[in-house]
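Heads up: the sequence lines are chains V and U, in that order.
Just so it is clear: in the first sequence, position 6 is 30 by the working numbering, and no numbers are missing.
Just so it is clear: in the second sequence, position 207 is 231 by the working numbering, and no numbers are missing.
Idealized CB from N, CA, C, for every residue including glycine.
Protein chains: 2
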Amino acid sequence: MALSDVSKIERNEEGIATVLGILGQRFGERFQTGQAMRAQHAHTTTYIPTQAPDGVVFAETTEEVQEVVRACAAHRVPVIAFGVGSSLEGHVNAPGGGISLDTSRMNRILAVNAEDLDCVVEPGVTREDLNRHLRDTGLFFPIDPGANASLGGMAATRASGTNAVRYGTMRENVLSLTAVMADGEVVKTASRAKKSSAGYDLTRLLVGSEGTLGIITSLTLKLNGIPQAISGGVCPFPTLEAACNTVIATIQMGIPVARIELVNALQMRAMKAYSHLDYPESPCLFVEFHGTDAGVAEEAELFGEIAQDNGGGPFLWTGVAEERTHLWKARHDAYWASLTLRPGAKGLSTDVCVPISRLAECVAETEADIAEMGLIAPIVGHAGDGNFHTLVLMDADDPAEIAKVEAFVARLNLRALAMDGTCTGEHGIGQGKAGFMRREHGHGVEVMRAIKQALDPQNILNPGKILPA
Amino acid sequence: MALSDVSKIERNEEGIATVLGILGQRFGERFQTGQAMRAQHAHTTTYIPTQAPDGVVFAETTEEVQEVVRACAAHRVPVIAFGVGSSLEGHVNAPGGGISLDTSRMNRILAVNAEDLDCVVEPGVTREDLNRHLRDTGLFFPIDPGANASLGGMAATRASGTNAVRYGTMRENVLSLTAVMADGEVVKTASRAKKSSAGYDLTRLLVGSEGTLGIITSLTLKLNGIPQAISGGVCPFPTLEAACNTVIATIQMGIPVARIELVNALQMRAMKAYSHLDYPESPCLFVEFHGTDAGVAEEAELFGEIAQDNGGGPFLWTGVAEERTHLWKARHDAYWASLTLRPGAKGLSTDVCVPISRLAECVAETEADIAEMGLIAPIVGHAGDGNFHTLVLMDADDPAEIAKVEAFVARLNLRALAMDGTCTGEHGIGQGKAGFMRREHGHGVEVMRAIKQALDPQNILNPGKILPA
Numbered sequence: 025m026a027l028s029d030v031s032k033i034e035r036n037e038e039g040i041a042t043v044l045g046i047l048g049q050r051f052g053e054r055f056q057t058g059q060a061m062r063a064q065h066a067h068t069t070t071y072i073p074t075q076a077p078d079g080v081v082f083a084e085t086t087e088e089v090q091e092v093v094r095a096c097a098a099h100r101v102p103v104i105a106f107g108v109g110s111s112l113e114g115h116v117n118a119p120g121g122g123i124s125l126d127t128s129r130m131n132r133i134l135a136v137n138a139e140d141l142d143c144v145v146e147p148g149v150t151r152e153d154l155n156r157h158l159r160d161t162g163l164f165f166p167i168d169p170g171a172n173a174s175l176g177g178m179a180a181t182r183a184s185g186t187n188a189v190r191y192g193t194m195r196e197n198v199l200s201l202t203a204v205m206a207d208g209e210v211v212k213t214a215s216r217a218k219k220s221s222a223g224y225d226l227t228r229l230l231v232g233s234e235g236t237l238g239i240i241t242s243l244t245l246k247l248n249g250i251p252q253a254i255s256g257g258v259c260p261f262p263t264l265e266a267a268c269n270t271v272i273a274t275i276q277m278g279i280p281v282a283r284i285e286l287v288n289a290l291q292m293r294a295m296k297a298y299s300h301l302d303y304p305e306s307p308c309l310f311v312e313f314h315g316t317d318a319g320v321a322e323e324a325e326l327f328g329e330i331a332q333d334n335g336g337g338p339f340l341w342t343g344v345a346e347e348r349t350h351l352w353k354a355r356h357d358a359y360w361a362s363l364t365l366r367p368g369a370k371g372l373s374t375d376v377c378v379p380i381s382r383l384a385e386c387v388a389e390t391e392a393d394i395a396e397m398g399l400i401a402p403i404v405g406h407a408g409d410g411n412f413h414t415l416v417l418m419d420a421d422d423p424a425e426i427a428k429v430e431a432f433v434a435r436l437n438l439r440a441l442a443m444d445g446t447c448t449g450e451h452g453i454g455q456g457k458a459g460f461m462r463r464e465h466g467h468g469v470e471v472m473r474a475i476k477q478a479l480d481p482q483n484i485l486n487p488g489k490i491l492p493a
Numbered sequence: 025m026a027l028s029d030v031s032k033i034e035r036n037e038e039g040i041a042t043v044l045g046i047l048g049q050r051f052g053e054r055f056q057t058g059q060a061m062r063a064q065h066a067h068t069t070t071y072i073p074t075q076a077p078d079g080v081v082f083a084e085t086t087e088e089v090q091e092v093v094r095a096c097a098a099h100r101v102p103v104i105a106f107g108v109g110s111s112l113e114g115h116v117n118a119p120g121g122g123i124s125l126d127t128s129r130m131n132r133i134l135a136v137n138a139e140d141l142d143c144v145v146e147p148g149v150t151r152e153d154l155n156r157h158l159r160d161t162g163l164f165f166p167i168d169p170g171a172n173a174s175l176g177g178m179a180a181t182r183a184s185g186t187n188a189v190r191y192g193t194m195r196e197n198v199l200s201l202t203a204v205m206a207d208g209e210v211v212k213t214a215s216r217a218k219k220s221s222a223g224y225d226l227t228r229l230l231v232g233s234e235g236t237l238g239i240i241t242s243l244t245l246k247l248n249g250i251p252q253a254i255s256g257g258v259c260p261f262p263t264l265e266a267a268c269n270t271v272i273a274t275i276q277m278g279i280p281v282a283r284i285e286l287v288n289a290l291q292m293r294a295m296k297a298y299s300h301l302d303y304p305e306s307p308c309l310f311v312e313f314h315g316t317d318a319g320v321a322e323e324a325e326l327f328g329e330i331a332q333d334n335g336g337g338p339f340l341w342t343g344v345a346e347e348r349t350h351l352w353k354a355r356h357d358a359y360w361a362s363l364t365l366r367p368g369a370k371g372l373s374t375d376v377c378v379p380i381s382r383l384a385e386c387v388a389e390t391e392a393d394i395a396e397m398g399l400i401a402p403i404v405g406h407a408g409d410g411n412f413h414t415l416v417l418m419d420a421d422d423p424a425e426i427a428k429v430e431a432f433v434a435r436l437n438l439r440a441l442a443m444d445g446t447c448t449g450e451h452g453i454g455q456g457k458a459g460f461m462r463r464e465h466g467h468g469v470e471v472m473r474a475i476k477q478a479l480d481p482q483n484i485l486n487p488g489k490i491l492p493a
């Protein structure tokens with residue numbers, strides 16, 4: 025189950041050569057085969073070796089995506105959808121070569137239906153682009169995975185982030201998709217109705233399918249009203265367990281917390297130094313409430329009481345935007361802060377998610393494992409969802425260290441599975457976690473394989489991802 | 025596209041005879057072939073002709089479901105999952121005969137994980153059973169389709185109801201399923217983690233698949249804390265449009281309304297008489313808020329102001345449980361109240377759902393069509409979701425009237441599709457709406473057919489449903 029043992033797929037040299045010719049002729053400057061461009065499109069943020077595609081095509085319309093897919097289908101050549109390349113598990117690698125389909129020029133916002141709280145966008149629109157566009161409407165798109173990812177990529181990996189506890193993940197926030205299937209046909213998965221019982225849920229089938237079943241060419245997304253008031257702050261705890269019990273009680277009381285982020289002591293140390301935060305070096309919860317003035321004040325007070333009951337506090341909260349922004353910038357900069365703990369190291373982010381009743385136990389066992397192995401790996405977590413990341417700081421050129429980290433990650437993933445959790449809450453499987461699919465899904469892997477085989481019989485759409493060989 | 029023109033599937037007489045023998049021997053008294061029992065298991069609440077199965081087996085465990093499915097698979101005999109028979113579109117009919125798999129004895133609540141706000145139940149547990157069981161935990165399961173349906177059936181049809189606007193539908197509230205697939209293998213679709221990015225979303229694929237891809241044998245469901253406070257009431261409006269605009273503004277302002285039900289003037293007349301309500305015979309909204317004492321009062325006041333801005337009111341609301349119960353009992357009895365408008369008639373419920381910006385227009389055009397055709401058909405709607413039902417009161421023995429109603433329903437469904445809506449918000453496709461699938465899904469129907477073919481190549485799981493012939 026070695027993480028670095030990525031899938032190898034036989035190259036169809038003849039087909040690839042033919043498709044390179046076809047696309048070069050058809051797309052001119054919008055088709056590129058330079059070394060740097062190809063490598064950048066297989067960019068991985070892990071130590072998974074880069075497997076570059078043979079060419080990169082910048083499509084601009086659904087029809088152009090159809091053309092590319094049809095050319096690739098006719099010659100049995102892989103086609104790999106590409107957003108901004110911020111995925112973490114080798115999703116955009118091209119283990120059998122083929123064509124990277126770059127969607128960055130499909131960046132139009134096609135409609136904002138304010139009355140219906142939805143919008144229609146092309147896949148290359150990033151979440152920051154969208155929220156900038158929405159600014160004057162009083163609406164916003166809540167899903168925030170940290171990176172300024174493309175919305176197509178976020179749907180493809182079923183992304184979420186800090187405020188999923190309140191607003192859900194891409195699973196709940198995509199109303200409908202348009203996608204080009206492996207045969208080049210276009211499917212619109214659903215209408216703009218809020219709900220439907222009309223047949224199989226093709227929207228949810230494509231969300232999280234990582235470009236292996238279809239290539240998303242437009243998305244209809246749910247929007248939310250910008251809250252009238254926001255309050256938030258940071259609350260320190262003597263132990264991880266006290267912090268986790270506070271999370272459980274908060275959720276169970278139905279307090280509609282918008283964000284509730286766990287940061288462990290080591291991560292706090294890094295953040296204090298990097299972002300000049302004035303908090304103790306102990307486990308903390310970063311929390312935020314969205315609602316009316318009276319509501320968010322009431323919720324913050326209630327939360328403070330729960331924290332105190334669990335031995336935590338003081339909970340210092342504010343309704344002042346600038347102060348909150350500083351806190352959340354610090355939280356969002358946790359990755360960069362962590363890197364200062366071991367200058368020159370590369371960070372590998374894990375992503376398990378467990379039922380929240382098991383969160384304290386899972387984090388504590390993981391901290392113990394980190395200590396025992398002598399790793400440097402701070403922890404941040406979307407505690408309200410039971411999802412946490414360790415950022416393992418490693419020398420990616422040292423095979424012995426890689427092996428050690430792989431063993432740590434494998435133990436962590438199996439620990440989460442044993443607690444009725446998942447090996448990935450929001451990053452996806454890609455290449456990095458395909459080895460855990462059988463453990464997590466059992467016979468479900470064969471069901472997924474049957475679906476893949478039915479919808480992409482030639483295995484041209486992002487081959488070598490999700491399903492174990 | 026005649027609604028009464030249900031699918032016909034050739035009977036495999038030899039296989040059926042063999043399976044009847046096998047199941048009789050294996051299940052003894054838990055396998056029944058009496059006429060009344062068979063007819064009751066093909067019970068339809070529409071005028072779709074009853075197509076009885078050849079036998080009814082009362083399974084008690086996942087292993088027994090596997091046995092039944094394997095026997096049916098070995099002899100190519102249809103097997104149709106049955107909950108309580110409250111589905112509305114011929115879902116439990118057996119057009120090719122075969123075995124009805126009754127899940128009513130699979131009615132155990134296997135676990136309540138209060139800390140995680142989830143529970144694990146067998147498919148025959150009804151929502152009222154579950155909520156009775158949860159009463160002392162401070163938790164509840166919110167989805168309420170009106171009927172005391174089985175939770176397996178609710179998942180299979182992607183049911184929802186009055187409070188989906190706040191709590192979502194079965195799509196959002198099923199965390200994981202165990203299901204027996206067409207080959208008799210068991211799949212567990214997901215862990216108990218709140219979210220996951222691990223591969224294709226088999227949970228959502230099975231939710232709404234109406235027993236055509238697998239037979240659900242257990243469900244892990246999200247639970248919610250019983251709100252500390254509830255407020256609610258009824259608000260009359262001069263016009264449907266005023267009521268719909270109030271709904272739009274309420275949702276857009278982010279007021280977390282728990283229920284917001286539209287009732288048209290004719291329906292109000294019926295409800296006033298049947299349930300002794302003291303409100304005008306004009307369009308009304310029935311609304312409810314869940315939260316803290318201060319929160320629900322604030323929300324009710326805000327709603328009242330929005331209603332007044334739209335020419336509605338007065339909004340009479342209360343926090344007193346008994347008074348609210350009376351209102352909601354009246355709303356839930358709308359079906360029975362409607363029947364008094366034409367004694368002896370049978371009611372056919374339509375189920376379109378449109379973007380809420382189109383709701384007023386869709387309801388108004390439908391009211392005009394009803395008037396023009398001389399039908400009696402009151403309207404109730406889950407307005408916050410854009411979903412509404414007309415209950416067409418008809419003489420189900422009069423072919424001319426059936427034809428007229430069919431024409432009305434077809435126009436209504438096409439009207440919703442033209443408004444970027446769906447022909448079914450929560451009832452499902454079954455046999456009754458299969459004729460609208462191509463209009464709604466285009467090439468998506470072929471994708472669904474490929475999935476069905478891949479997962480059930482012999483077409484033994486509830487054949488003749490969802491997919492058009």
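Sequence-distant residues of the same chain with beta carbon closer than 8 Å to residue i, five excluded per side
i, result
"V/Ser28", "At V/Ser28 the pLDDT is 48, less than 50, meaning the model places this residue with poor confidence and gives no usable figure here."
"U/Asn486", "Pro102, Val103, Ile104, Ala105, His115, Glu234, Gly235 and Thr236"
"U/Ser362", "Gln291, Ala294, Gly371, Pro402, Leu415 and Leu417"
Candidates the options, of which the one nearest residue i by Cα
i, options, result
"V/Pro119", "V/Val204, V/Met461, V/Gly456 and V/Val320", "V/Gly456"
"V/Lys428", "V/Pro260, V/Asp393 and V/Phe412", "V/Asp393"
"V/Glu87", "V/Ser128, V/Phe106, V/Gly208 and V/Met194", "V/Gly208"
"V/Glu346", "V/Ala420, V/Phe313 and V/Gly256", "V/Gly256"
"U/Arg439", "U/His467, U/Ile490, U/Gln477 and U/Arg382", "U/Arg382"
"V/Ser128", "V/Ser110, V/Asp142 and V/Asp225", "V/Ser110"
"V/Asn334", "V/Tyr303, V/Gly107 and V/Ala273", "V/Ala273"
Neighbour-count burial assignment, residue i, 16 or more Cβ in a 10 Å radius
i, result
"V/Asp480", "buried"
"U/Arg156", "exposed"
"V/Trp341", "buried"
"V/Val344", "exposed"
"V/Ile484", "buried"
"U/Pro338", "exposed"
"U/Thr181", "buried"
Chain-ordered chain U contacts of residue i [CB-CB under 8 Å]
i, result
"V/Pro251", "Gly278"
"V/Ile453", "Ser221, Ala222 and Gly223"
Distance CB(residue i)-CB(residue j) smaller than 9 Å
i, j, result
"U/Val189", "U/Ala282", "yes"
"V/Ala222", "U/Ile453", "yes"
"U/Ala324", "U/Glu305", "no"
"U/Val92", "U/Val81", "yes"
"V/Arg132", "V/Glu146", "yes"
Chain V residues whose Cβ lies nearer than 9 Å to that of residue i
i, result
"U/Met472", "Gly223, Tyr224 and Leu226"
Same chain only: Cβ atoms within 7 Å of residue i, ignoring 5 sequence neighbours per side
i, result
"U/Ser200", "Lys212, Thr213, Ala214, Ser215, Arg216, Thr227 and Thr244"
Partners in chain U for residue i, counting only beta-carbon separations shorter than 7 Å
i, result
"V/Met205", "Val471"
"V/Met178", "What V/Met178 touches in chain U: nothing, since even the nearest Cβ is about 11 Å away."
"V/Arg182", "Ser221"
"V/Ala434", "Near V/Ala434 there are no residues of chain U at all, since even the closest Cβ is about 15 Å away, more than 7 Å."
Chain V contact residues for residue i, given Cβ-Cβ distances below 7 Å
i, result
"U/His467", "Glu209, Val210 and Val211"
"U/Ile475", "Tyr224, Ile475 and Ala478"
6 Å CB neighbourhood of residue i in its chain, flanking five on each side removed
i, result
"U/Ile490", "Glu234, Thr236 and Ile453"
"U/Ser124", "His65, Pro77, Val80, Ile104 and Phe106"
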